[in-house]
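Numbering follows our numbering, in which position 254 of the sequence shown is assigned residue number 254; successive positions increment by one, without gaps.
Beta carbons are placed, not taken as given, at the ideal position from N, Cα and C, and that holds for glycine.
Data block below; observations after.
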Amino acid sequence: MTKKAIAITGGAQGIGAATARAFATRGHAVAIGDIDGELALKTAAEIAGDTGSTVVGLDVDVTDSKAFARFLDKAEKALGGLDALVNNAGIMPTGRFLDESDGVSDRQIDINVRAVVIGSKLAGNRFKDRGQGQIVNVASIVGLAAAPGIAVYAATKFAVVGLGQVLHQELEEYGVTVTTICPAYVNTQLIAGVEQPWIVRRIGLVEPEVVAKAIVDCVEKERGGQHIVPRRAASILQPVRMLPQGIAIRVGRALGLDHVAIDTDESKRGAYRDRTESLDVASVKKRGNR
């Protein structure tokens with residue numbers, strides 16, 4: 001197996017950290033980028049110590065194109081090259097659309113969409129010049145079928161899915177592989193305080209390590225296109241997506257999916273909100289964005 005150099009945004013915790021560890025365990029070199037530079041350094045040191053692989057932690061504001069470019073430059077220099085970028089950074093505020101502030105909506109769009117566009121363009125140009133490389137964009141299952149309580153988040157993930165469908169075709173001629181990962185309910189802070197109906201617990205709940213394995217498999221096998229994680233979730237999602245919208249909505253209600261992101265347990269979700277919905281840049285950099 002060819003060892004690769006991988007850059008991961010939002011890599012200090014959650015899916016990003018699990019993905020960094022999974023790559024490092026397989027012997028690949030990894031650059032962890034996160035808005036919380038101190039946590040990125042700590043996570044990188046822990047993974048490097050446990051695996052013996054080259055893992056570096058770097059500070060990056062993914063919404064700033066110049067900062068993103070510097071992150072890729074530093075990653076490439078530290079790792080001796082760059083074979084893949086995993087656009088993983090993202091936030092998921094919950095609640096009713098009309099109650100969400102413009103600032104929180106804008107922040108989701110900046111991190112979940114604009115940063116993915118920036119990263120895909122920067123990495124895509126680098127990989128095009130070399131005739132090879134891979135971009136992995138982490139979307140969500142709600143980018144395929146949405147539910148109340150996450151209107152803007154769902155919109156951002158629909159955008160990432162659409163972007164991936166186009167880039168998978170458009171960049172292929174340059175030797176660039178584009179992969180879109182659509183996880184279901186991932187057991188990280190992102191779903192803290194969010195109710196998990198029986199259907200979610202049975203087929204949709206997934207550990208970050210499972211998502212990480214899917215990403216690693218796609219990069220090692222240079223597999224592009226769209227992938228739902230876990231696969232069993234697709235067995236329910238795909239048939240529902242074929243239904244007329246009115247019927248699909250009634251199915252969602254029958255499964256209890258119409259209120260899970262509205263009736264959240266704020267005693268459990270408060271810490272995630274404090275960390276991700278702050279509009280103060282200094283606080284955001286200290287607390288991280290995923």
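Check: Using a C-beta cutoff of 9 Å, does Arg250 count as contacting chain D?; Outcome: Checking the listed chains, one finds no chain D in this structure; it contains a single protein chain.
Check: What distance in whole Å lies between the Cβ atoms of Leu72 and Ile32, which are believed to be in contact at a cut-off of 8 Å?; Outcome: At roughly 13 Å, the Cβ-Cβ gap does not stay under 8 Å, so Ile32 and Leu72 are not in contact.
Check: Could you pull the start and end residues of the beta strand (DSSP E) that Gln226 belongs to?; Outcome: Gly225 to Val229
Check: In this structure, how does DSSP classify Asn125 when only helix, strand and coil are distinguished?; Outcome: helix
Check: To the nearest angstrom, how far is the alpha carbon of Ala214 from that of Gly16?; Outcome: 12 Å
Check: According to DSSP, is Gly57 part of a helix, a strand, or is it coil?; Outcome: strand
Check: Put Val136 into one of helix, strand or coil per three-state DSSP.; Outcome: strand
Check: Just the Cα atoms here: how many angstroms apart are Ile118 and Ala159?; Outcome: 13 Å
Check: Are the beta-carbon atoms belonging to Thr264 and Thr94 less than 9 Å from one another?; Outcome: yes
Check: Report the rounded CA-to-CA distance for Val240 versus Gly252, giving the unit in angstroms.; Outcome: 9 Å
Check: Would a C-beta distance cut-off of 9 Å place Leu82 and Ala115 closer than the cut-off?; Outcome: no
Check: Determine the contact status of Val30 and Ala7, defining contact as a CB-CB distance below 9 Å.; Outcome: yes
Check: Would you call Leu144 buried or exposed, if buried means 16 or more other Cβ atoms sit within 10 Å of its Cβ?; Outcome: buried
Check: DSSP puts Gly33 in a beta bridge; with which residues?; Outcome: Thr9 and Leu58
Check: Within the region 191-272, note down every full beta strand (DSSP E) run reaching 3 residues or more, in order along the chain.; Outcome: 225-229
Check: Whole-angstrom Cβ separation of Val194 and Val211, contact assumed at under 8 Å?; Outcome: Not a contact, Cβ separation roughly 17 Å.
Check: For Ile135, tell me which candidate among Pro208, Arg223 and Ser278 has the shortest Cα-Cα distance.; Outcome: Arg223
Check: What is the DSSP secondary structure of Leu163, counted as helix, strand or coil?; Outcome: helix
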